[in-house]
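In my numbering, the protein residues as written are 587 to 924.
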């Protein structure tokens with residue numbers, strides 16, 4: 587008798603859920619830059635350039651897409667879409683995939699596609715964040731981080747997309763730890779966006795399986811100095827902390843004139859310049875109060891042009907919020923998690 591009553595309760599609960607009106611949520615997710623020179627696959631930052639997603643989960647199967655901005659006409663509008671794949675994973679892990687079998691997905695993208703500014707991470711985090719909000723935040727942000735890392739493969743882009751600011755991430759097996767912080771320097775980021783795509787897979791294929799011990803020591807020192815200078819607010823140390831020996835030298839052949847652009851940016855006043863993620867974007871660090879972004883951008887653009895590459899210049903700041911709901915309801919307050 588008790589078992590029958592329990593089963594009837596389950597049926598009623600499911601029936602009530604199925605009759606609920608379908609809700610819509612909008613989220614905004616920042617673009618990101620990973621590695622930051624020496625912090626290969628561990629360091630990242632969030633920029634104030636954004637993708638927006640409007641998601642409606644439907645009880646009936648079927649997908650409806652509208653994509654505007656970056657990637658329109660290139661991004662799949664079917665089951666392969668990375669936003670939908672992220673939504674589906676979250677629904678499955680929450681055991682709600684039987685309840686919501688389709689979606690209406692509206693994307694407005696400002697983050698350049700396949701350029702090293704975290705477009706795939708932004709899509710993954712947007713899908714997870716929006717679906718989680720529609721489930722009244724079944725998962726906390728740390729759990730979202732683990733799901734996002736599972737999809738992306740590494741946390742250096744998804745972590746800042748979720749938390750904002752600068753992030754340091756470590757992995758052990760499937761476990762991910764992320765420390766997010768705001769620097770004691772007011773920084774601006776001058777980004778040169780070349781007019782060609784560079785898939786992450788291609789950029790990883792040129793990397794060696796092993797590296798010399800001297801190069802590993804070089805990077806440990808630079809990555810440590812970078813974090814210390816940001817936390818302390820010491821730009822004089824930051825100038826020497828953005829060099830790398832583990833990935834940029836190998837990827838330089840994929841980006842015509844990379845080191846000439848680095849040199850031009852420094853000569854124009856940049857603290858340093860790094861390959862943004864897997865590239866091909868190059869990002870220069872500058873102090874906000876120096877007001878040298880225009881000069882740095884022109885120098886980077888001209889250096890690229892000497893190698894036959896046209897580049898768009900974006901002047902960005904640090905995003906401090908990470909992924910967030912644009913139209914929060916009273917049930918969408920997020921669980922922080924430990």
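Glycine is no exception: its CB is placed at the ideal position from the N, C-alpha and C atoms.
Source: prediction; values computed, not measured.
State the Cα-Cα distance for the pair residue i and residue j, rounded to the nearest angstrom.
{"i": "residue 808", "j": "residue 913", "result": "41 Å"}
{"i": "residue 857", "j": "residue 870", "result": "7 Å"}
{"i": "residue 693", "j": "residue 657", "result": "10 Å"}
{"i": "residue 659", "j": "residue 625", "result": "34 Å"}
{"i": "residue 746", "j": "residue 892", "result": "34 Å"}
{"i": "residue 767", "j": "residue 789", "result": "28 Å"}
{"i": "residue 614", "j": "residue 650", "result": "20 Å"}
{"i": "residue 885", "j": "residue 803", "result": "32 Å"}
Suppose contacts are defined by Cβ-Cβ distances below 9 Å. Is residue i in contact with residue j by that definition?
{"i": "residue 864", "j": "residue 784", "result": "yes"}
{"i": "residue 771", "j": "residue 812", "result": "no"}
{"i": "residue 882", "j": "residue 854", "result": "yes"}
{"i": "residue 669", "j": "residue 629", "result": "no"}
{"i": "residue 931", "j": "residue 619", "result": "In the structure displayed, the chain extends from 587 to 924; residue 931 sits before or after that span and is not available."}
{"i": "residue 634", "j": "residue 905", "result": "yes"}
{"i": "residue 755", "j": "residue 712", "result": "no"}
{"i": "residue 868", "j": "residue 911", "result": "no"}
{"i": "residue 762", "j": "residue 901", "result": "no"}
If you follow the alpha helix (DSSP H) that residue i is part of, which residue opens it and which one closes it?
{"i": "residue 821", "result": "821 to 824"}
{"i": "residue 732", "result": "727 to 738"}
{"i": "residue 699", "result": "No alpha helix (DSSP H) holds residue 699; DSSP gives it neither H nor E."}
{"i": "residue 836", "result": "834 to 837"}
Enumerate in chain order the residues of its own chain whose CB-to-CB distance from residue i is below 6 Å, with the five nearest sequence positions on each side excluded.
{"i": "residue 848", "result": "859"}
Kindly identify the DSSP beta-bridge partner or partners of residue i.
{"i": "residue 844", "result": "In DSSP, residue 844 forms no bridge with anything."}
{"i": "residue 640", "result": "612, 692"}
{"i": "residue 910", "result": "614"}
{"i": "residue 619", "result": "631"}
{"i": "residue 754", "result": "629, 765"}
{"i": "residue 869", "result": "777, 860"}
Got a sec? Which residues, its chain only, sit under 7 Å from residue i by beta carbon, not counting five neighbours each side?
{"i": "residue 677", "result": "683, 686, 717"}
{"i": "residue 786", "result": "864"}
Could you tell me the boundaries of the beta strand (DSSP E) in which residue i lies?
{"i": "residue 897", "result": "897 to 902"}
{"i": "residue 653", "result": "648 to 655"}
{"i": "residue 774", "result": "773 to 780"}
Starting from the C-beta of residue i, find all residues in its chain whose C-beta is less than 8 Å away, skip the five residues before and the five after it, and write them out in chain order.
{"i": "residue 604", "result": "Residue placement at residue 604 is flagged as unreliable, the pLDDT there being 48, under the threshold of 50; the coordinate-derived value follows with that caveat. Here the set comprises 645, 685."}
{"i": "residue 705", "result": "617, 637, 656, 657, 695, 697, 698, 699"}
{"i": "residue 593", "result": "Any reading at residue 593 must be qualified, since the residue scores a pLDDT of 40, below 50, and its modelled position is unreliable; the value itself is stated next. Correct list: empty, nothing qualifies."}
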